[in-house]
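> Under our numbering, the sequence shown has 239 at position 141, and the numbering climbs by one with no breaks. Before I ask anything, here is the structure I am working with.
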Amino acid sequence: MCICRRHIAVAALLTLTMAASADPLTVKQIQSNTADGDASIYDYQVVDCIGGICVAKFPGYRPRLVILDPNETAAWGAIQVKDWIYPYDMFEEVQIGDRVSFTNMFVEEYRGTTFLQRQSTYSPGYVIESSGNPLPPPIIIPVSVIPAPLYDAGDDGWYVEDHVAEPYESMRLIIRDVTVTTIDLGKAVDNYNLQDALGHDCWAADYMNTDVGNSGYHAFVTIGQHFCAVAGVFEQYKYLTNGWDYYQLITLDTPSLAICGDGNADGVADLNDLPVCLDCMTGPQCDDIAGGCNPPAWTFDPPGLDVQACLTMDLDYDGDVDLRDFATFQLIAGL
Ligand SMILES: [Ca+2]
Ligand SMILES: [Ca+2]
Ligand SMILES: [Ca+2]
Ligand SMILES: [Ca+2]
């Protein structure tokens, strides 16, 4: 992806002439105040931001942090922050689990996703407030909330019907019980369609996935593959003059693609996954609540295990890992 010259020129101009003057904004204020349900009204402005916890990092063309406000974990709570200044010391210094605040950040709507962009004049532009904070768990949402785009034969384009998914932009999401039905979709021909048991579709991609390399799909992504859960950072890609407006769930690593019963994320459910199944067994605290746990078992999964690891073991999708799941695990794993 390249940045158009106009953006660079405007950003350069703003760095010379603008500094944030109002009170610091929350991530939610930047994201949720939109003109059209999508683009932030702060686009092209320079703002201070209270920030949040770094929950992911992506060392791409312009390295970026994914920041989640721990007080806004249900919606509108996340934003990506681009480090525009070589040698990218903000990106290098900020670690996952750091709480970070920002000053004099240029708000940029780029291809449908809202970014904060670090500026040189007001460097460093960020303060690491604390480190080692627990990461708010990704939120589980229905596939129907993040619908795939629809094909428009009139101009050979793919567009979402509306921007109902916008509140989840840049948040870490989990969808459950989905199957790969199509690949090679989207602008970069790297999207795949995930369909849930009710027939709802959404798009995903693996370009941030650390276990994939520079391009292509994770090895688990093949047509017909079912996942107990798929986790990722949610993004929009919009390029209306070229026929695109869609949202995509970007997986981050192998455990993001959680195959049922495959607790150790090696692609096979077998005896080697039994320890994860036992670790995730939630015991009697979940047994007396109809429909499973409240809160669900994955919110108190064992330290050192990804949320997705326990989701590989909730084989009836009811929020817990109990003896019924264990019985199914035995079947899947051939024990
Ligand atoms: Ca957007
Ligand atoms: Ca946005
Ligand atoms: Ca396994
Ligand atoms: Ca269960």
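Backbone N, C-alpha and C define an ideal beta-carbon position, used for all residues, glycine too.
My parser needs the beta strand (DSSP E) runs of 3 or more residues fully inside the stretch 277-326; what are they?
The qualifying runs are 289-294, 299-303.
> Let me have the residue list for ligand 4: C-beta closer than 5 Å to any non-hydrogen atom, ordered along the chain.
Qualifying residues come out as 412, 414, 416, 418, 423.
> CB of residue 215 to nearest heavy atom of ligand 2: below 7 Å?
No - ligand 2 has no heavy atom lying nearer than 7 Å to the Cβ of residue 215.
> Would you call residue 283 buried or exposed, if buried means 16 or more other Cβ atoms sit within 10 Å of its Cβ?
Counting Cβ neighbours within 10 Å, residue 283 comes out buried, since at least 16 surround it.
> Please report the distance separating the alpha-carbon of residue 74 from that of residue 148.
No answer is possible for residue 74: it lies beyond the span of the chain, which begins at 99 and ends at 433.
> May I have the straight-line CA-CA distance separating residue 231 from residue 249, to the nearest angstrom?
Rounded to the nearest angstrom, the two C-alpha atoms are 42 Å apart.
> Let me know if residue 364 comes out buried or exposed under the rule of 16 or more other beta-carbons within 10 Å of its beta-carbon.
Residue 364 is exposed by the Cβ-count criterion.
> Taking all protein chains shown into account, decide if residue 307 is buried (16 or more other Cβ within 10 angstroms of its Cβ) or exposed.
Buried, because 16 or more other Cβ atoms sit within 10 Å of the Cβ of residue 307.
> Measure the Cβ-Cβ separation of residue 182 and residue 216 and say whether it is below 8 Å.
Contact: yes.
> Output the distance between the C-alpha atoms of residue 328 and residue 309, rounded to the nearest integer angstrom.
In a straight line, the C-alpha of residue 328 is about 15 Å away from that of residue 309.
> Starting from residue 203 and walking both ways along the beta strand (DSSP E), at which residues does that stretch end?
Here the beta strand (DSSP E) through residue 203 covers 197-208.
> My assumption, with CB atoms under 8 Å, is that residue 330 sits in contact with residue 411. Please give the rounded CB distance.
Contact doesn't hold; Cβ gap of about 20 Å is too wide.
> Is it the case that the stretch 337-347 contacts the stretch 413-425, given that we only count it when at least three CB pairs across the two stretches are under 8 Å?
Contact fails: fewer than three Cβ-Cβ distances are below 8 Å.
> Ordered along the chain, which non-local residues of its own chain (more than five positions away) have a Cβ less than 8 Å from that of residue 288?
Closer than 8 Å at Cβ, skipping near neighbours: 282, 303, 304, 305, 313, 314, 315.
> Check the DSSP bridge columns for residue 248 and list the partner residues they point to.
Per DSSP, 257.
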